[in-house]
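The end of the sequence shown is residue 154 by full-length UniProt numbering, with every number in the run present. Here a beta-carbon is modelled for each residue, glycine too, at the ideal position from N, C-alpha and C. What follows is one structure encoded as structure tokens, with my remarks underneath.
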Amino acid sequence: MESEDFMKSLRGCKYFSKIDLADAYLQIPLDVESHYLITIDTPLRIYQYNFIPFGLHVSFDLFQSAIDSVIKGLDGVLAYQEDVLIFCLNKKEHDAHLTQILERFAARNVAIKPYKWVFGVSELEFLGLTIDSRGYRPDSTRFKPLTNIESPKD
1 MESEDFMKSL
11 RGCKYFSKID
21 LADAYLQIPL
31 DVESHYLITI
41 DTPLRIYQYN
51 FIPFGLHVSF
61 DLFQSAIDSV
71 IKGLDGVLAY
81 QEDVLIFCLN
91 KKEHDAHLTQ
101 ILERFAARNV
111 AIKPYKWVFG
121 VSELEFLGLT
131 IDSRGYRPDS
141 TRFKPLTNIE
151 SPKD
């Protein structure tokens, strides 16, 4: 979903949930043929990654593609890396979408961080934005330090 379409689709939504995926990149296994491409060679041993390493140039795109394939076809669900947002107009629809995404995660063994869940709220922070039924705005906690800066003194 394009960011402009995403922002428009938020307007009027009253129920929001956020799910944070655990060890996101470590959930994507590398093909056996790719192991030799990502190797650490030390005097004592050669190490090969079994999963996508964090910081590799293509890791971001590979992970985003993988998570997009999990949520494909679900309305009211957006994922940006390990952050997944569920947004709906009413509680019944929201609960159905939440059930669908959790079932997909379970079927694909996608691990989530239960201590970072936020379920069925009217407002939440997502990617530095505060999201509610009116749309989105910058999260005030992000720029509050700037508004409290003292004026320069001679």
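Comparing alpha-carbon positions, the option among T147, N148, K116, P53 lying closest to A22 turns out to be K116. In this structure, DSSP gives Q48 an extended state, which the three-state scheme calls strand. As computed with DSSP, V84 is found in a beta bridge with I19, A79. Counting along the chain, the unbroken beta strand (DSSP E) around D41 starts and ends at 39 to 41. Take I38, set aside five residues on each side of it, and the residues of its chain with a beta-carbon closer than 8 angstroms to its own are L30, Q48, Y49, P53, L56, in chain order. From the listed residues D20, S59, S34, P145, the smallest Cα separation to L127 is found for D20.
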